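Shown next, in structure tokens, is the structure this report addresses.
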Amino acid sequence: MALYIVLGVLGSALVVLLAVMILRACFCKNKNNGKPFSKQEGRLPDVEAHISRAVTLPTVSQVDEESVDWEQFDKFADFLEKTYPEVHKHMQKTVIGGHGLVFFLPGSDPALEPVAMLAHQDVVPVTPGTEEDWTHPPFAGHNDGEFIWGRGALDMKNHLIAVMEATEALLKEGFVPKRGLYILLGCNEEIVASENSSAKKIAAYLKESGVRLKCAVDEGGGVIPLSYKNVIDKTLVGIGVAEKGYLDIELSVTAKGGHSSAPPAHTALGIISKAVCRIEKHPYKADMPYFIYDMLRIVGRDVKSFPLRLVTCNLRLFKPLLNYVMGKIPAAASVVRTCTAVTMCSASTAPNVLPQRASAVLNMRLMPGVSIEDAVRRLKRIIKDERVSVHVLKGNPAPPVSSTDTDTYKLAARLLGAGSSDRTVAPYIVMGATDSRYYTEICDEIYRISPFETPVSLLLTTHGTNERLPVSSIKTAVAFFKDFIAQRTAE
Ligand SMILES: [Zn+2]
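Residues in the sequence shown are numbered consecutively from 55, following our numbering.
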């Protein structure tokens, strides 16, 4: 009898749960005003020409600063000066560390914290030997009417020029902001975790000057049309509220060496290999951070397929399952856990010589909240071998996560199309490192935004061959920066 009662209660609970799940799948959706996002149609030939010109100046970053062609950065600064006379007339320009550029427009109310627009002037090199693979040469800035081709077209001369254009246009209109406005242009962002980071120097200069920023907007994020039949048909706008930390670690073992005809049971390389195997066998546990949960929850409401909606509209129930599934798919796993890639190794210099030293390099991408010390401690625990030393080469932990509950986030989201019928705006985590991480000591509201509508296939050309920017994305992006700067500095 008691068993029947228990089964009855469980059965009823299950029915209620199922009913709730189905109701949620039927009715949960993102509120919208019924109108599509108002994209700026048409083109801005002058802005296109400026982006092209910016691409033709090969401001290429090199790990070895000595081999950087700094003359190109001088030319870039000259180009900015000639192209943006209003910016140079009204904004105070300070050069930091040779080529970092700081522009400042004081606000009418000095008590209010200023707003900062960040960008980097440098680009990554073109991989030697791939120059011929480009449809148009990487530093020609070719505009075929559909795309502007070249290194930096997406990362991030498009963004830098759009910020300059927006500010120039505002100043031409007699713009007097209430809050001050900074434009902060680093010159070596592409050298990850560089000791010599230009953005780090700019941030230090601002801190020394007693500046605290209301907010900072940097690269990252995206406006990505997603169209999968019966699944989703929306433009997804990601605002990067977080980014991953970066860490290079060297594992090394020293040994006696000698002739390989009388080897020990394990050479230095053998010991290193075992450590590497253990590390790969013990990945971090997938643990979905709340902002990724938020992103899936928001995007999930736009999913069309009913069976899928049963999951995406009842995420809380499926979170453990999602963690498990996402943890199994490399691209998805990278947003729910700290990742480790074994990227380099070295040992003996000859086939018949026992290595006296063997080493392997790990590249780790840390989730927010995981410190460098945590990562090293965990590695040592997993390797469990005193002979293996673990040495930090360089790294930065992930910066703190910015809140979505701020006026800055809400303004950016609204201007990017939140509340429209065809766009969904959600927070997300930027996989790469951006200069914005250096500003966390003087700013809490840091957002990584790219207002250029670009399909995933094109985004994948960033840092690669045939990097190119759709010209149709430019006018809307400039309008976004103009509105954002005007409105965020107005109060
Ligand atoms: Zn970049």
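Heads up, the beta-carbon is just placed ideally off N, CA and C, and yes, glycines get one too.
Remember, it's a predicted structure, so these values are computed and weren't measured experimentally.
K261 and E243 have their C-alpha atoms spaced approximately 19 Å apart. For K147, the enclosing beta strand (DSSP E) begins and ends at 146-150. For M398, the enclosing beta strand (DSSP E) stretches over residues 393-400. The nearest non-hydrogen atom of ligand 1 is less than 8 Å from the C-beta of D209.
Counting along the chain, the unbroken alpha helix (DSSP H) around L375 starts and ends at 369-382. With contacts defined by Cβ atoms closer than 9 Å, I237 and M145 form a contacting pair.
Remark: C-beta atoms of L416 and A385 do not approach each other more closely than 9 Å. Closest in alpha carbon position to M421, among N450, K211, S527, is N450. The three-state reading of DSSP puts R355 in coil, since its state is none of H, G, I, E or B. Under a 10 Å Cβ-count criterion, P405 is classified as exposed, with fewer than 16 other Cβ atoms of the shown protein chains found around its own Cβ.
By the beta-carbon neighbour count (other beta carbons within 10 angstroms, threshold 16), M210 is buried. Here DSSP, grouped into helix, strand and coil, assigns A194 to coil. Assigned with DSSP and collapsed to three states, N87 falls in coil, not helix or strand. Excluding the 5 residues flanking it on each side, A247 has same chain C-beta neighbours closer than 6 Å at Y300, K448, G449, N450, in chain order. Within the model, the alpha-carbon separation for D187 versus G486 is close to 25 Å. Taking 4 residues as the shortest admissible run, the stretch 457-542 contains the following complete alpha helix (DSSP H) segments, listed from N- to C-terminal end: 461-470, 510-513, 528-542. Spanning the alpha carbons of I105 and F345 requires a straight line of approximately 33 Å. Annotated three-state conformation of M210 is coil, per DSSP. Between S327 and the set L375, C399, V379, A340, the nearest pair of CA atoms involves C399. Using a Cβ distance threshold of 9 Å, R332 and I436 count as a contacting pair. The continuous alpha helix (DSSP H) containing F360 extends over residues 360-366. Closest option to A322, judged by alpha-carbon separation, among P409, K268, K298, I256: P409. Burial state of I202 is buried, judged by a 10 Å Cβ sphere holding 16 or more other Cβ atoms. In this structure Y378 is exposed. Its beta-carbon is surrounded by fewer than 16 other beta-carbon atoms within 10 angstroms. The C-beta separation of F193 from G183 comes to about 16 Å, leaving the pair out of contact by the 8 Å criterion. Short of 6 Å from the beta carbon of S402, and not among the five residues preceding or following it, lie these beta carbons of its own chain, in chain order: P409. Just so you know, the alpha carbons of M349 and A480 end up roughly 5 Å apart. Boundaries of the alpha helix (DSSP H) around Y259: 252-262.
Straight-line measurement puts the Cα of H445 at about 6 Å from the Cα of I303. Annotated as distal: L166 and G96, with beta-carbon spacing of 9 Å or more. Annotation: the continuous beta strand (DSSP E) that includes I286 extends over 286-297.
Look at L408 here: in three-state DSSP terms it is strand. Rounded to whole angstroms, E200 and K335 show a C-alpha spacing of 46 Å. Beta-carbon to beta-carbon, E273 and T488 are separated by about 6 Å, close enough to satisfy the 8 Å threshold. Put simply, the backbone Cα of S474 is about 32 Å away from that of T494. Within a 10 Å sphere around the beta-carbon of K226 sit fewer than 16 other beta-carbons, which makes this residue exposed.
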